[in-house]
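Working notes, beginning with the structure itself.
Structure, rendered in structure tokens:
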């Protein structure tokens with residue numbers, strides 16, 4: 001979503017770094033570039049003016065305080081990073097749990113914002129942390145809303161309280177009240193109430209949401225908004241804030257290709273933090289919103305913290321320890337180990353998203369966009385078509401075995417050969433690393449991975465000229 005904005009920020013700072021000693025005129029030019037980038041990203045004008053003024057003033061304040069030899073461009077970059085984090089909310093805010101369970105979370109927002117799917121994502125998020133959430137189907141207006149909540153609730157492994165069929169039938173306030181009473185009786189510690197939305201803000205929508213709010217007295221009201229609707233998101237948020245009121249914002253469709261202005265405007269203009277973000281269609285594509293991490297990604301510094309958290313969740317502790325012990329003991333890294341690592345990485349999400357969290361990912365945008373996710377599946381199919389012996393010992397892979405593997409995986413023999421060659425190179429790399437060496441030059445990467453930049457090539461050794469004999473007869477023989 002922020003690719004265009006990131007690119008423009010990168011351009012602005014690249015120009016600033018090229019100037020060496022920075023003057024007030026340079027800061028004026030950089031601030032103007034940032035202002036233009038934010039406006040093009042559909043950030044609200046009020047936020048743009050406030051942000052650029054703060055960056056300009058603080059940059060002028062920090063310049064005279066810098067010691068000689070200090071990187072001035074980096075100091076300005078740090079000012080922008082800090083201010084960007086502030087307009088995104090300053091810091092992550094967690095849900096306030098009730099002193100006496102259950103904690104009641106009410107969702108509000110317009111129809112089409114993804115509220116029902118978001119309810120299941122939120123429930124799964126807390127279920128994975130050991131909580132016992134339950135979903136309440138109080139959206140009785142939208143066609144099939146109750147059925148949809150039951151389907152996504154089942155996918156998340158979370159129970160759904162749905163006594164009414166919906167489609168215009170039933171009292172949503174009573175359903176919410178009865179649902180909380182049911183949750184208490186079954187000892188659920190979190191209740192998530194899915195409420196009705198409308199295509200636009202109207203009096204009927206507000207009345208129903210207010211009635212549910214007053215009946216259940218929620219601990220948190222979360223406003224769910226589609227991040228792709230730009231400044232309309234801010235206008236809608238303000239209408240809900242004035243009508244129902246809310247404690248925090250949840251952004252959906254943050255993986256879309258819109259300009260991202262909503263994310264950069266909504267927290268500043270409503271005074272309410274963005275608490276969660278949905279970044280894909282899967283139920284697992286959901287997490288706490290960290291302003292500092294989002295600012296880091298927008299400024300091209302990546303999001304290594306989130307990447308590390310996802311890796312920790314995906315990689316089994318026992319498997320990682322076993323692999324480490326094998327490495328220390330000098331045992332070969334086998335295709336069984338490789339398959340285990342691929343399976344773990346698949347749990348982390350698409351490779352495109354993972355690569356996008358790396359620092360400098362903006363410079364590899366073309367390679368990341370062209371990354372073929374299906375290549376991972378095809379690689380797994382080849383390995384899974386091998387026998388345990390073949391996975392342990394590549395030396396047994398003769399021509400007939402390779403042909404059988406190709407047939408079993410639906411691939412060509414050349415694909416099997418390519419994988420074996422790449423894996424053999426990986427084994428050599430691990431041996432070299434274990435023996436204290438670095439990564440071999442020209443090391444083949446996994447299928448589909450963008451090539452990593454190579455270091456400078458070593459100059460070829462200078463061949464010393466052989467001294468020629470002073471005897472004319474011998475020299476004639478040497479010259480052939």
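Numbering (UniProt numbering), first residue to last: 1 to 480.
Think of the CB as a built atom: it goes at the ideal place given N, C-alpha and C, for glycine as much as any other residue.
Those residues which DSSP pairs with residue i across a bridge
i           : result
residue 133 : 190
residue 107 : 194 and 222
residue 274 : 249
Per-residue DSSP class, three states only, for residue i
i           : result
residue 158 : coil
residue 227 : helix
residue 279 : coil
residue 251 : strand
residue 288 : strand
residue 169 : strand
residue 22  : coil
residue 138 : strand
residue 238 : helix
residue 397 : coil
residue 408 : helix
residue 481 : The shown model of the chain, from 1 to 480, leaves out residue 481, and the question about it has no answer.
residue 179 : helix
residue 147 : helix
residue 164 : coil
residue 42  : coil
residue 70  : coil
residue 299 : coil
residue 202 : coil
8 Å Cβ cutoff met for residue i and residue j
i           : j           : result
residue 135 : residue 160 : yes
residue 52  : residue 31  : yes
residue 158 : residue 124 : yes
residue 145 : residue 172 : no
residue 224 : residue 115 : yes
residue 107 : residue 119 : yes
residue 17  : residue 73  : yes
residue 417 : residue 402 : yes
residue 262 : residue 47  : no
residue 60  : residue 22  : no
residue 270 : residue 113 : no
residue 105 : residue 43  : no
Given residue i as reference, the closest of the options once Cα atoms are compared
i           : options               : result
residue 122 : 279, 422 and 376      : 279
residue 133 : 255, 180 and 80       : 180
residue 189 : 56, 101 and 220       : 101
residue 273 : 220, 419 and 36       : 220
residue 392 : 414, 339, 417 and 406 : 339
residue 486 : 164, 217, 199 and 56  : Because the chain here runs from 1 to 480, residue 486 falls outside it and cannot be looked at.
residue 87  : 418, 383 and 264      : 264
residue 255 : 73, 12, 388 and 287   : 287
residue 137 : 275, 131 and 167      : 167
residue 283 : 402, 154 and 191      : 154
residue 222 : 229, 209, 231 and 215 : 209
residue 4   : 131, 66 and 38        : 38
residue 249 : 277, 211 and 112      : 277
residue 131 : 83, 183 and 142       : 183
residue 414 : 425, 399 and 424      : 399
residue 231 : 211, 40 and 149       : 40
residue 64  : 36, 7, 24 and 77      : 24
residue 394 : 423, 68 and 143       : 423
residue 397 : 411, 410, 289 and 421 : 421
residue 226 : 13, 266 and 151       : 266
Contacting residues, own chain, Cβ-Cβ under 6 Å from residue i (five flanking each side not counted)
i           : result
residue 85  : 291, 292 and 295
residue 205 : 198
residue 80  : 55
residue 95  : 220
Chain-order list of residues whose beta-carbon lies under 7 Å from that of residue i (same chain, five-residue window excluded)
i           : result
residue 169 : 140
residue 386 : 335 and 405
residue 165 : 146
residue 438 : Caution applies to residue 438, whose pLDDT of 46 falls short of 50 and renders its modelled position unreliable; the value that the coordinates give is listed next. Nothing meets the Cβ criterion.
residue 380 : 339 and 342
residue 62  : 75 and 79
residue 493 : Residue 493 cannot be examined here, being either before or after the span of the chain that is shown, 1 to 480.
residue 389 : 396
Own chain partners of residue i with C-beta closer than 8 Å, once the 5 adjacent residues on each side are dropped
i           : result
residue 201 : 110, 236, 239, 240 and 243
residue 419 : 379, 382, 383 and 447
residue 149 : 116, 119, 120, 135, 137, 139, 160, 162 and 194
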